[in-house]
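> Protein chains in written order, with the numbering used here: chain E, 1 to 150; chain R, 151 to 300. Cβ atoms here follow ideal geometry from the backbone N, Cα and C, with glycine treated the same way. One structure coming up, written as structure tokens, with questions to follow.
Protein chains: 2
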Amino acid sequence: MDKIELSSIGYVKREELSNEEIKNHNLMAELVIKPEYADGLKGIDEFSHVYVIFWMHQMTKSSLNAPFSDNPDMPDVGVFATRAPVNPNHIGLSLVEILDYKQNRLTVKGLDAYNGTPILDIKPYPNWPGSKLQVVSKFRVPDWLSKIVE
Amino acid sequence: MDKIELSSIGYVKREELSNEEIKNHNLMAELVIKPEYADGLKGIDEFSHVYVIFWMHQMTKSSLNAPFSDNPDMPDVGVFATRAPVNPNHIGLSLVEILDYKQNRLTVKGLDAYNGTPILDIKPYPNWPGSKLQVVSKFRVPDWLSKIVE
């Protein structure tokens, strides 16, 4: 049970981008789903936004500390309090807007993943495990976040 | 590259609940993180909400169709347009509220996972891969969703 084996359901197709460029939320990316999973997308474009769960396949190291932990101006926080790809399982999570959907391809905006990234899952936004749509607009974040997020 | 191996970082500890009970968002659950990953949680309680990504270990079947696809009153949509655990990779995603944090344990509200579920990752809410916190309060969902979500 402790070892979990997954297979990608497709991959990301986009320009080759730098670390900084990929944070530009206005850039588009294509989610190319394997033909054998294409039927799983039916009706997805009735949602404006979906979560994309992906495997950060280029990441080779892990750390329990935030990447900024060497910076004396930043607090000492753990990797799970960040979005850093050095998490023990290199799983990424993006919330993207759907721009287009054709057969086995979704064109999206806001994906924080490189060209060639294996996709693990797609889920509609927002969450609704409870009895109603779960939109969280009242929340608290740490003060240090304003140092890394404009 | 196509086969991806992950290990759990901990597991869910809570009462044994039925399918229906687990949808009650007011119930609490404990995320028991393995001691070797506990340092990764440092500072997590400065966030009010986190995403929990987990492995739905009890699920043995997969389907590309929504679980309600046999219901003539429901539309023919694919599994990626639903939150159904029959997705090809049985990955689950919950957005939970943090109630308490001690050492390697987080007490949370709103987790859509059973007792014993392996946890794969924890990420702070909201997303911020772009240049600002990404809170999506304007979105579109299909009409059929109102038939399954109160």
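Thinking C-alpha only, which one of R:K184, R:T232, R:L191 is nearest R83 of chain E?
Translated into the one-based positions of the first sequence, residue 83 of chain E becomes position 83. Of the listed residues, the one whose Cα sits closest to R83 of chain E is R:L191.
> For the region 210-260 of chain R, which segments carrying the beta strand (DSSP E) assignment without a break, of at least 3 residues, lie completely within its bounds, in sequence order?
You should have 241-252, 255-259.
> Would you say the region 1-21 of chain E touches the region 31-46 of chain E, given that touching needs at least three Cβ pairs under 8 Å?
Short answer: they touch.
> Which residue's Cα is closest to the Cα of Y114 of chain E: E:M59, E:N65, E:E36?
In the first sequence, the residue the question calls residue 114 of chain E occupies position 114. Checked all of E:M59, E:N65, E:E36; the closest Cα to Y114 of chain E is E:M59.
> For L93 of chain E, collect the residues of the same chain with a Cβ closer than 7 Å to its Cβ; drop the 5 residues on either side in sequence, then sort them by chain order.
Start at 1 with the first residue of the first sequence, and residue 93 of chain E comes out as number 93. So the qualifying residues of the chain are Y51, I53.
> Measure the CB-CB distance between F80 of chain E and I272 of chain R and report whether it falls below 7 Å.
Counting from 1 along the first sequence, the entry for residue 80 of chain E is found at position 80. Counting from 1 along the second sequence, the entry for residue 272 of chain R is found at position 122. Closer than 7 Å, so yes.
> I want to verify the contact list: residues of chain R whose CB lies under 8 Å from the CB of A29 of chain E, in sequence order.
Along the first sequence, one-based indexing puts residue 29 of chain E at 29. Under the 8 Å cutoff, chain R gives no residues; its nearest Cβ is about 12 Å from A29 of chain E.
> What three-state label does DSSP hand G40 of chain E in the structure shown?
Taking the first residue of the first sequence as position 1, residue 40 of chain E is located at position 40. Looking at G40 of chain E - three-state DSSP - the assignment turns out to be helix.
> Express the C-alpha separation of L214 of chain R and T107 of chain E in angstroms, rounding to a whole number.
Stepping through the first sequence from its first residue, residue 107 of chain E is reached at position 107. Stepping through the second sequence from its first residue, residue 214 of chain R is reached at position 64. Going from the Cα of T107 of chain E to the Cα of L214 of chain R covers about 20 Å.
> Apply the 10 Å Cβ neighbour rule to N239 of chain R and answer buried if 16 or more other Cβ atoms are within range, or exposed otherwise.
The count along the second sequence starts at 1 and reaches residue 239 of chain R at position 89. So N239 of chain R counts as buried.
> Could you check how far apart the C-beta atoms of L249 of chain R and K259 of chain R are, in whole angstroms? I think they sit under 8 Å.
By 1-based counting over the second sequence, the position of residue 249 of chain R is 99. By 1-based counting over the second sequence, the position of residue 259 of chain R is 109. Confirmed, about 6 Å.
> List the DSSP bridge partners of A179 of chain R.
As a first step, residue 179 of chain R must be located in the second sequence, where it is residue number 29. DSSP, once it has assigned bridges, lists R:V258 as partnering A179 of chain R.
> Output, in chain order, the set of chain E residues within a Cβ distance shorter than 9 Å of Y275 of chain R.
Reading the second sequence from its first residue, position 125 is the one you call residue 275 of chain R. In chain order: V136, F139, V141.
> Which residues in the same chain have their Cβ closer than 7 Å to the Cβ of L133 of chain E, if we skip the five residues on either side of it in sequence?
In the first sequence, counting from the first residue as 1, residue 133 of chain E sits at position 133. Cβ within range, chain order: P126.
> Just the Cα atoms here: how many angstroms apart are A29 of chain E and H207 of chain R?
Here residue 29 of chain E is taken as the residue at index 29 of the first sequence, counted from 1. Here residue 207 of chain R is taken as the residue at index 57 of the second sequence, counted from 1. So the two alpha carbons sit approximately 31 Å from each other.
> Could you check whether the Cβ of P88 of chain E sits closer than 7 Å to any Cβ belonging to chain R?
In the first sequence, residue 88 of chain E corresponds to position 88, counting from 1. Output row for P88 of chain E: interface = yes.
> Judging by CA-CA distance, which residue of R:S168, R:K153, R:I194, R:F218 is the nearest neighbour of R255 of chain R?
Residue numbering aside, residue 255 of chain R sits at position 105 when the second sequence is read from its first letter. For R255 of chain R, the nearest C-alpha among the options comes from R:I194.
> Any heavy atom of the ligand GTP closer than 6 Å to the CB of Y161 of chain R?
Looking at this structure, you won't find the ligand GTP or any other ligand, since it has none at all.
> Name the residues in the region 55-66 of chain E whose C-beta lies less than 9 Å from a C-beta of chain R; which are they?
Answer set for the region 55-66 of chain E: W55, H57, S63, L64, N65, A66.
> Short of 6 Å in beta carbon distance, which residues of its chain neighbour D220 of chain R, apart from the five on each side in sequence? Order them along the chain.
On the second sequence, residue 220 of chain R is found 70 positions in, with the first residue counted as 1. Cβ neighbours of D220 of chain R beyond the five flanking positions: none.
> Specify the secondary structure class of I298 of chain R as computed by DSSP and reduced to three states.
Counting from 1 along the second sequence, the entry for residue 298 of chain R is found at position 148. Helix, per DSSP.
> Name, in chain order, the residues that DSSP records as bridge partners for E5 of chain E.
The residue you call residue 5 of chain E lines up with position 5 of the first sequence. R:E155.
> Under the three-state reduction of DSSP, which class applies to P268 of chain R: helix, strand or coil?
Here residue 268 of chain R is taken as the residue at index 118 of the second sequence, counted from 1. Here P268 of chain R sits in strand by DSSP.
> Compare the C-beta of L245 of chain R with all C-beta atoms of chain A and state if any pair is closer than 7 Å.
The displayed structure is made up of protein chains E and R, and chain A is not among them.
> Taking C-alpha atoms, which residue in R:V236, R:P222, R:E247, R:L181 lies nearest to K211 of chain R?
What you label residue 211 of chain R is simply residue 61 of the second sequence in a count that begins at 1. Per the Cα distances, R:V236.
> Is the Cβ of L249 of chain R closer than 7 Å to any Cβ of chain E?
For the purposes of this step, residue 249 of chain R is taken as residue 99 along the second sequence, with counting starting at 1. Judged by the 7 Å Cβ criterion, L249 of chain R is not in contact with chain E.
> N26 of chain E to N19 of chain E, Cα distance in whole Å?
The sequence position of residue 26 of chain E within the first sequence is 26, counting from 1. The sequence position of residue 19 of chain E within the first sequence is 19, counting from 1. So the two alpha carbons sit approximately 15 Å from each other.
> Let me see if you follow: with CB-CB separation under 7 Å, is I194 of chain R close to chain E or not?
For the purposes of this step, residue 194 of chain R is taken as the residue at position 44 of the second sequence. Cβ-Cβ to chain E under 7 Å: yes for I194 of chain R.
> Can you find the residues in the same chain that come closer than 8 Å, C-beta to C-beta, to W128 of chain E, ignoring five residues on each side of it along the sequence?
In the first sequence, counting from the first residue as 1, residue 128 of chain E sits at position 128. Closer than 8 Å at Cβ, skipping near neighbours: Q134.
> Please work out which residues of its chain come closer than 7 Å, Cβ to Cβ, to E16 of chain E, disregarding the five sequence neighbours upstream and downstream, and give them in chain order.
Locating residue 16 of chain E in the first sequence gives position 16, counting from the first residue. If we look at E16 of chain E and ignore the five residues flanking it on each side, its Cβ neighbours are N115.
> DSSP on K138 of chain E, reduced to helix/strand/coil?
Here residue 138 of chain E refers to the residue found at position 138 when the first sequence is read from its first residue. Coil.
> Report the neighbours of E20 of chain E on chain R: residues whose CB is nearer than 9 Å to its CB, in chain order.
Taking the first sequence and counting its residues from 1, the one referred to as residue 20 of chain E is at position 20. Per Cβ cutoff of 9 Å: no residues; E20 of chain E is ~10 Å from chain R at best.
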